[in-house]
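Just so we're aligned, residue 1 is where the sequence shown starts under UniProt numbering, counting upward by one.
Glycine is no exception: its CB is placed at the ideal position from the N, C-alpha and C atoms.
The structure under discussion appears below in the form of structure tokens.
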Amino acid sequence: MKAGANAPGLIAVGLGVLSLVLGLFSFANGTTAAGIVGVVVAVLLIGGGLAWLARTHRKVQKQQADWHEDHPEAHYEPPTS
């Protein structure tokens, strides 16, 4: 897998989506307690996964900016993200 630094965030978001589906399925079947647990776990996993991805994104942007400060002769393209 090439997304090594992003893998925990991507896995957490994927598990969060799965947990959301299971929580909504539980609500549809009338199991309210399991539905609430599923949706709460989904919110936590998706939020944590997105926070992880945002953190790694900021880290890469900072590394890029630091590299360009150390190499002023290199052509600088502003980030598009």
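{"Check": "Excluding five sequence neighbours on each side, which residues of the same chain lie with their C-beta closer than 7 Å to the C-beta of F27?", "Outcome": "G35"}
{"Check": "Which one of L22, P72, E77 and A5 has the shortest CA to CA distance from A42?", "Outcome": "L22"}
{"Check": "Does the Cβ of residue 84 have 16 or more other Cβ atoms within 10 Å, making it buried, or fewer, making it exposed?", "Outcome": "The structure shown has nothing for residue 84, since the chain only spans 1 to 81."}
{"Check": "State the start and end residues of the unbroken alpha helix (DSSP H) segment that holds K62.", "Outcome": "T32 to D70"}
{"Check": "Between L15 and L45, how many whole angstroms is the CB-CB distance? I'm expecting something under 8 Å.", "Outcome": "5 Å"}
{"Check": "By how many angstroms is the C-alpha of G49 removed from the C-alpha of A12?", "Outcome": "5 Å"}
{"Check": "Could you give the distance in angstroms between the alpha-carbon of A74 and the alpha-carbon of G47?", "Outcome": "37 Å"}
{"Check": "My guess is that P79 and Q61 are in contact by the Cβ rule of under 8 Å, so how many angstroms apart are they, rounded?", "Outcome": "6 Å"}
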